[in-house]
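Going left to right, the sequence shown walks through residues 76 to 370 as the working numbering numbers them.
For reference, the structure discussed in these notes is given below.
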Amino acid sequence: MKTFPFRPAAARVPQALVLAGLLAALPLLTGCGDAGGLVGAGSTPTASGPVHLWPDRQGAVVPPADPGGAPPEYVKGIAPVQGQDVHAVDPVGLVQAELRAHPKTDVGPDGMPAETAAAIRQCGKEGAEPGECPVLTPYYRDLTGNGKDELIVGIEYPDKMMSVRVYTADADGRLNRIMATTQTVINVDLAGRDVILRVPSGNNGYELITAWSWDEKQLTMLPTREQIVRVPGNPQGPASPGHGAAPGKGPGKGPGKGSGTGSGDGPGAGTGTGPGTGPRSKPSGAGAPEGPGTP
């Protein structure tokens, strides 16, 4: 017969109590070694949505906004574009064709200073300097989403102004201008299918960033987003008083370089934190040199 060792009844601990003891001891066992588990971040503020104020008030009626961009316009005097490939278009000849179609125009999308128009007419002619042509090097980007590049042209005007124009070719080979704006431009960027213009704003220290995007209903580029941003200041501002190159206004705390032991409140070049504005320290010993504190 097989026998089993005798276990006293007092030693029989219920399984539930054993598990409870292990769970209670678990934080003590794992407290020194963080296994990267989830940790509570405390209470979370309650989210609140926008609240419409004065809901019973009858609001003003706003008429539909003007699109704001230049209407699409087919360029006359340009040969049809084969395969909608605007890379084959001469940008200088394109702008010259627009000048012929709109002579002596001062305002609007085709407006141009007389001296700029005269310089463009001379572009490419014998004796003309290439660097003096106001038509800048063109850029190409699919801005309409049709899989074909558009032609982006910049024209320099006096006083840092410039005209930014965008052209696309339709299935019939006609060259269509879909954007034309004249601004005092800081710079121009391409981001995705947007043309981004940075211009000075009406407030000192701020600039206006405008994104022009293709609008399928208007069949033109429109200013769709605008943002006013602060211009970054000088990262190396004026030094703190008493701790940089600028002189401090407070009195110095340390003695001068001389051997005098005077107690005046003027600064020396010792351990003081600022040069101060008082008189230099006076020595008490006879014949001792004065410290070179700031007069």
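We put the beta carbon where it would ideally sit given N, CA and C, even for glycine.
Task: Expected contact under 8 Å - CB spacing of Gly152 and Ala122 to nearest Å - done: Position 77 of the sequence shown, counted from the start, is the residue given in the question as residue 152. Position 47 of the sequence shown, counted from the start, is the residue given in the question as residue 122. No, Gly152 and Ala122 are not in contact; Cβ-Cβ is about 60 Å, not under 8 Å.
Task: Ile253 vs Met296 beta-carbon contact at 9 Å - done: Within the sequence shown, residue 253 is the residue found at index 178, counting from 1. Within the sequence shown, residue 296 is the residue found at index 221, counting from 1. Result yes, Cβ atoms of Ile253 and Met296 sit closer than 9 Å.
- [ ] Note down the Cα distance separating Gly174 from Ala194, rounded to an integer number of angstroms.
- [x] For this step, residue 174 is matched to residue 99 along the sequence shown. For this step, residue 194 is matched to residue 119 along the sequence shown. For clarity, residue 174 is Leu in the given sequence; the question names Gly instead. About 11 Å.
Open item on the list: Looking at the strands, I want to know which residues DSSP matches up with Ser238.
Closed with: In the sequence shown, residue 238 corresponds to position 163, counting from 1. According to DSSP, which records beta bridges pairwise, Ser238 is partnered with Ile230, Thr257.
Task: Nearest neighbour of Arg240, chosen from Asn251, Asn221, Gly199, Ile227 [CA to CA] - done: Looking up residue 240 in the sequence shown gives position 165. With distances taken between Cα atoms, Arg240 lies closest to Ile227.
TODO: For Glu291, count neighbouring Cβ atoms within 10 angstroms of its own Cβ and tell me buried if that reaches 16, exposed if not.
DONE: Start at 1 with the first residue of the sequence shown, and residue 291 comes out as number 216. It counts as exposed.
Open item on the list: Using 9 Å as the threshold, is the C-beta distance between Arg268 and Ser288 below it?
Closed with: Numbered from its first residue, the sequence shown carries residue 268 at position 193. Numbered from its first residue, the sequence shown carries residue 288 at position 213. Contact flag set, yes.
Task: C-alpha gap between Ala286 and Gln258, whole angstroms - done: Here residue 286 corresponds to residue number 211 of the sequence shown, with the count starting at 1. Here residue 258 corresponds to residue number 183 of the sequence shown, with the count starting at 1. Spanning the two alpha carbons is a distance of roughly 13 Å.
TODO: Report yes or no: do the region 149 to 165 and the region 221 to 236 share at least 3 C-beta pairs separated by less than 8 Å?
DONE: yes
Open item on the list: Let's see if you can read the secondary structure: which residues bound the beta strand (DSSP E) around Gln302?
Closed with: Start at 1 with the first residue of the sequence shown, and residue 302 comes out as number 227. Its beta strand (DSSP E) spans residues 295 to 305.
Task: Alpha-carbon to alpha-carbon, Trp129 and Gly115 - done: Locating residue 115 in the sequence shown gives position 40, counting from the first residue. Locating residue 129 in the sequence shown gives position 54, counting from the first residue. Each residue's alpha carbon lies about 40 Å from the other.
Task: Local Cβ density within 10 Å of Leu265, reported as buried at 16 or more and exposed below that - done: Taking the sequence shown and counting its residues from 1, the one referred to as residue 265 is at position 190. Exposed, since its Cβ has fewer than 16 Cβ neighbours within 10 Å.
TODO: Quick one: residues in its chain with C-beta nearer than 6 Å to the C-beta of Leu218, no 5 flanking neighbours on either side, listed in chain order?
DONE: Stepping through the sequence shown from its first residue, residue 218 is reached at position 143. Same-chain partners within the cutoff: Glu225, Arg268, Trp289.
TODO: Determine, using beta carbons only, whether Glu148 and Pro125 come nearer to each other than 9 Å.
DONE: The residue given as residue 148 occupies position 73 in the sequence shown. The residue given as residue 125 occupies position 50 in the sequence shown. It is not a contact, given that the beta carbons lie outside the stated cut-off.
Open item on the list: Assuming contact is defined by CB atoms lying nearer than 9 Å, are Arg300 and Val150 in contact in what I supplied?
Closed with: Working through the sequence shown from its first residue, we reach residue 300 at position 225. Working through the sequence shown from its first residue, we reach residue 150 at position 75. Not a contact, by the Cβ cut-off of 9 Å.
- [ ] Output the boundary residues of the beta strand (DSSP E) element that contains Leu283.
- [x] Counting from 1 along the sequence shown, the entry for residue 283 is found at position 208. 281 to 290 is the span of the beta strand (DSSP E), which, as asked, contains Leu283.
Open item on the list: Cutting at 8 Å between CB atoms, please list the residues of its own chain near Ala246, excluding the five before and the five after it.
Closed with: One-based indexing of the sequence shown puts residue 246 at position 171. Answer for Ala246: Gln159, listed in chain order.
Task: Bridge partner(s) assigned by DSSP for Ile195 - done: Within the sequence shown, the letter at position 120 stands for residue 195. Looking at the DSSP assignment, Ile195 forms no beta bridge with any residue, so it has no partner.
TODO: Look at Gly199 and Leu211 and say whether their C-beta atoms are less than 9 Å apart.
DONE: To locate residue 199, count along the sequence shown from 1; it is residue 124. To locate residue 211, count along the sequence shown from 1; it is residue 136. Not a contact, by the Cβ cut-off of 9 Å.
- [ ] Buried or exposed for Gly144, please, with buried defined as at least 16 other CB atoms from any protein chain shown within 10 angstroms of its CB.
- [x] One-based indexing of the sequence shown puts residue 144 at position 69. Gly144 comes out buried.
Open item on the list: Mapping the DSSP letters down to three states, classify Pro275 as helix, strand or coil.
Closed with: Within the sequence shown, the letter at position 200 stands for residue 275. Strand at Pro275.
TODO: With a 10 Å radius around its C-beta and 16 neighbouring C-beta atoms as the bar for buried, classify Ser118 as buried or exposed.
DONE: Residue mapping note: residue 118 aligns to position 43 of the sequence shown, counting from 1. The residue in question, Ser118, is exposed, as its Cβ has fewer than 16 Cβ neighbours within 10 Å.
Open item on the list: Taking the alpha helix (DSSP H) that Ala176 belongs to, which residues open and close that run?
Closed with: Position 101 of the sequence shown, counting from 1, holds the residue named residue 176. Taken as a continuous stretch (DSSP letters only), the alpha helix (DSSP H) holding Ala176 covers 166 to 176.
- [ ] Use the C-beta contact count for Ala244: other C-beta atoms within 10 angstroms, 16 or more gives buried, fewer gives exposed.
- [x] In the sequence shown, counting from the first residue as 1, residue 244 sits at position 169. Looking at its Cβ environment, which holds 16 or more other Cβ atoms inside 10 Å, Ala244 is buried.
Open item on the list: Let me check one thing: in DSSP terms, what residues is Val210 bridge-paired to?
Closed with: Here residue 210 refers to the residue found at position 135 of the sequence shown. For Val210, which the question treats as bridged, DSSP gives the partners Ile230.
TODO: May I ask you to list the residues that DSSP assigns as paired with Asp264?
DONE: In the sequence shown, residue 264 corresponds to position 189, counting from 1. Answer is Ile271, bridged to Asp264.
Task: Backbone CA spacing between Val260 and Glu231 [nearest angstrom] - done: Walking along the sequence shown from the start, residue 260 turns up at place 185. Walking along the sequence shown from the start, residue 231 turns up at place 156. Roughly 10 Å between the two C-alpha positions.
Task: Same chain, Cβ closer than 6 Å to Tyr214, five either side skipped, listed in chain order - done: Taking the first residue of the sequence shown as position 1, residue 214 is located at position 139. Once the five neighbours on either side are set aside, the close Cβ partners of Tyr214 are Ile227.
Open item on the list: Please state whether the Cβ-Cβ distance between Val270 and Met237 is less than 9 Å.
Closed with: As a working note, residue 270 is residue 195 in the sequence shown. As a working note, residue 237 is residue 162 in the sequence shown. No, Cβ-Cβ distance for Val270 and Met237 is not below 9 Å.
Open item on the list: Which same chain residues end up closer than 7 Å to Arg216 when comparing Cβ atoms and leaving out the 5 residues on each side of it in sequence?
Closed with: On the sequence shown, position 141 is the one that residue 216 refers to. For Arg216, where only same-chain residues beyond five positions count, the Cβ hits under 7 Å are Asp224, Glu225, Ile227, Leu265.
TODO: Tell whether a beta-carbon distance below 9 Å holds between Pro209 and Thr191.
DONE: Indexing the sequence shown from 1 puts residue 209 at position 134. Indexing the sequence shown from 1 puts residue 191 at position 116. Going by C-beta atoms, Pro209 is nearer than 9 Å to Thr191.
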